[in-house]
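**Student:** Quick mapping for you: the protein sequence lines, in order, are chains A and B. For the working numbering, add 1144 to where a residue sits in the first sequence, where the first one is 1. For the working numbering, add 250 to where a residue sits in the second sequence, where the first one is 1. Every residue gets a Cβ at the ideal spot worked out from N, C-alpha and C, and that includes glycine. Provided herewith is a single structure, encoded as structure tokens, for subsequent inquiry.
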Amino acid sequence: DTGVSQNPRHKITKRGQNVTFRCDPISEHNRLYWYRQTLGQGPEFLTYFQNEAQLEKSRLLSDRFSAERPKGSFSTLEIQRTEQGDSAMYLCASSLALQGVNEKLFFGSGTQLSVL
Amino acid sequence: QKEVEQDPGPLSVPEGAIVSLNCTYSNSAFQYFMWYRQYSRKGPELLMYTYSSGNKEDGRFTAQVDKSSKYISLFIRDSQPSDSATYLCAMTLNTGNQFYFGTGTSLTVIP
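Here it is, written out as structure tokens:
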């Protein structure tokens, strides 16, 4: 399978605990995005990387959230001191961004987080 | 006002019907328009991609863009039960990084 891979698929945690999600993008893609999606809503942008550089973070992103893409390949998203409002589907997407080429996002299946 | 507006539905149609899904947007600078299909508990899957006004057809799916009215549509002909999913519209300003999504329309095709 050469698509975007996310692990774990589901995560149940208690309020106050830290959680970490992993995303493996399509191998030749240079951009990687994290989105959050709640029921009945479209994906909400969190942050994105171009290679290993984190170029933008949403203003809505709490400082409890941190993301890394250390070698420009896989990425991790960590949420510290989880709150019930963090319960959502966390989606990773990757794309090949080249000048003159229309960028298309390819999503993984997501990690469903439930904070009890 | 949201950048992208989409009727959440739900929409329920009999098998074989023609389905019309729509989005409106407020920013006339949007240039690239996409439709994603999302099955329950799965990530969105890119269905259609277009960057100009007019129609683009792919099998049973037709994407239509009217930039003068800031309105895009997705038509599904001969709808099948396997088309039952949530359909998200998305758009970008250029080849940059900002993708704006609608809230999605839930579609059920009844056999």
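1) Under 8 Å Cβ to Cβ from A:Q1194, same chain only, skipping five residues before and after it: list those, please.
2) Examine chain A for any beta-carbon lying closer than 8 Å to the beta-carbon of B:K320, and answer yes or no.
3) Check the DSSP bridge columns for A:A1237 and list the partner residues they point to.
4) Can you check whether the C-beta of B:T358 is within less than 8 Å of a C-beta belonging to chain A?
5) What residues in the segment 1169-1180 of chain A bring their beta carbon closer than 9 Å to a beta carbon of chain B?
6) For B:N373, which of B:I360, B:P331, B:D333, B:I326 has the nearest alpha-carbon?
7) Candidates B:A340, B:P264, B:G259: which alpha carbon is nearest B:V359's?
8) Say whether chain A places a C-beta atom closer than 8 Å to the C-beta of B:K292.
9) Does B:Y299 get closer than 8 Å to chain A when you measure Cβ to Cβ?
10) Can you tell me whether A:Q1228 is helix, strand or coil according to DSSP?
11) Under DSSP, the beta strand (DSSP E) around B:Y289 begins and ends at which residues?
12) Decide yes or no for the touch test of the segment 1148-1166 of chain A against the segment 1182-1193 of chain A: beta carbon pairs closer than 8 Å, at least 3 of them.
13) When you check each C-beta in the segment 260-284 of chain B against every C-beta of chain A, which residues fall closer than 8 Å?
14) Less than 8 Å between CB atoms is the rule here; does B:F325 satisfy it with respect to chain A?
15) With DSSP as the reference, label B:D308 as helix, strand or coil.
16) Can you list, in chain order, the residues of its chain whose CB lies under 7 Å from that of A:K1215, leaving out five sequence neighbours each side?
17) Does the structure place the segment 288-295 of chain B close enough to the segment 307-315 of chain B that three or more beta carbon pairs sit under 8 Å?
18) Is the Cβ of A:Q1228 closer than 8 Å to any Cβ of chain B?
19) Would you say A:F1250 reaches chain B, if we count a Cβ-Cβ gap shorter than 8 Å as a contact?
20) My guess is that A:T1255 and A:R1180 are in contact by the Cβ rule of under 8 Å, so how many angstroms apart are they, rounded?
21) Quick check on B:I268: buried or exposed, where buried means 16 or more other Cβ atoms within 10 Å of its Cβ?
22) Determine the burial state of A:L1199: buried for a count of at least 16 other Cβ atoms within 10 Å of its Cβ, exposed for fewer.
23) Out of A:Q1243, A:Y1177, A:R1225, which has the shortest C-alpha to C-alpha gap to A:T1157?
**Tutor:** From the atom records:
1) One-based indexing of the first sequence puts residue 1194 of chain A at position 50. Excluding residues within five positions, the ones whose Cβ falls inside 8 Å are N1174, R1175, A1241.
2) Locating residue 320 of chain B in the second sequence gives position 70, counting from the first residue. Cβ-Cβ to chain A under 8 Å: no for B:K320.
3) Your numbering for residue 1237 of chain A matches position 93 in the first sequence. Per DSSP, A:Y1177, A:F1251.
4) Indexing the second sequence from 1 puts residue 358 of chain B at position 108. B:T358 does not count as touching chain A.
5) R1175, Y1177, Y1179
6) The requested residue 373 of chain B does not occur in the structure, where chain B is confined to residues 251 to 361.
7) The residue you call residue 359 of chain B lines up with position 109 of the second sequence. The residue with the shortest Cα to Cα distance from B:V359 is B:P264.
8) The sequence position of residue 292 of chain B within the second sequence is 42, counting from 1. So, interface residue.
9) The residue labelled residue 299 of chain B in the question sits at position 49 within the second sequence. Yes, B:Y299 counts as interfacial toward chain A.
10) Counting from 1 along the first sequence, the entry for residue 1228 of chain A is found at position 84. Helix at A:Q1228.
11) As a first step, residue 289 of chain B must be located in the second sequence, where it is residue number 39. No beta strand (DSSP E) contains B:Y289, which DSSP labels as neither H nor E.
12) no
13) Y282, M284
14) As a position in the second sequence, residue 325 of chain B is number 75, starting the count at 1. No, B:F325 does not count as interfacial toward chain A.
15) Looking up residue 308 of chain B in the second sequence gives position 58. The answer is strand: DSSP assigns B:D308 an E or B state.
16) Counting from one through the first sequence, the residue named residue 1215 of chain A turns up at place 71. Around A:K1215: E1196.
17) no
18) Taking the first residue of the first sequence as position 1, residue 1228 of chain A is located at position 84. Chain B, which has no Cβ nearer than 8 Å to the Cβ of A:Q1228, makes this no.
19) Taking the first sequence and counting its residues from 1, one reaches residue 1250 of chain A at position 106. It does: the Cβ of A:F1250 has a partner Cβ on chain B nearer than 8 Å.
20) Mapped onto the first sequence, residue 1255 of chain A falls at position 111. Mapped onto the first sequence, residue 1180 of chain A falls at position 36. Their Cβ separation, rounded to whole angstroms, is 10 Å, which puts A:T1255 and A:R1180 out of contact at 8 Å.
21) Within the second sequence, numbered from 1, the residue matching residue 268 of chain B stands at position 18. Label assigned to B:I268: exposed.
22) As a working mapping, residue 1199 of chain A is identified with position 55 in the first sequence. The residue is exposed, with fewer than 16 neighbouring Cβ atoms inside 10 Å.
23) What you label residue 1157 of chain A is simply residue 13 of the first sequence in a count that begins at 1. Nearest C-alpha to A:T1157: A:R1225.
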